[in-house]
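In my numbering, the protein residues as written are 2 to 136.
Note that CB positions come from ideal geometry on N, CA and C, so glycine has one too.
Everything numeric in this text was worked out from a predicted model, so none of it was measured.
Encoded as structure tokens, the structure appears first; notes follow it.
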């Protein structure tokens with residue numbers, strides 16, 4: 002049983018999770034990429050009743066017929082996703098919004114049919130602790 006806390010960038014939305022994760026997936030779908038402005042998004046799936054918003058009220062965006070994305074209306078941080086048609090009783094939580102993002106390790110990559118081609122080899126790129134040296 003985990004007890005995870007997290008929130009948005011500006012602190013207007015805070016949440017707690019009390020329960021075991023079902024799966025922590027790195028999603029490569031175009032919808033997640035466009036919504037987050039990132040090449041992939043980490044989502045940890047929980048039973049919907051495991052999530053408790055403890056501060057603020059997330060704004061709901063109807064991203065598809067049944068999909069609902071919740072985010073902070075102040076800073077724009079994406080937080081939660083539900084789809085009662087495809088995933089009844091389940092909430093996906095953006096794992097990078099945890100106070101300790103290392104708390105639940107990623108388990109799988111999903112929607113790789115839509116993965117950006119350059120992400121297939123991203124792990125081979127040079128790395129720097131902070132920024133690359135000046136040219």
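For residue 99, which residues in the same chain have their Cβ closer than 6 Å to its Cβ, ignoring the five residues on either side in sequence?
Excluding its 5 nearest sequence neighbours in each direction, residue 99 has C-beta neighbours in its own chain below 6 Å: 5, 7, listed in chain order.
State the DSSP-derived secondary structure class of residue 63, mapped to helix, strand or coil.
strand
Residue 108 classed as buried or exposed, judged by whether at least 16 other C-beta atoms fall within 10 angstroms:
exposed
Please report how far the alpha carbon of residue 9 lies from the alpha carbon of residue 54, in whole angstroms.
11 Å
Enclosing alpha helix (DSSP H) for residue 33 [first to last residue]:
31–37
Residue 113 to residue 28, Cα distance in whole Å?
The C-alpha of residue 113 lies about 8 Å from the C-alpha of residue 28.
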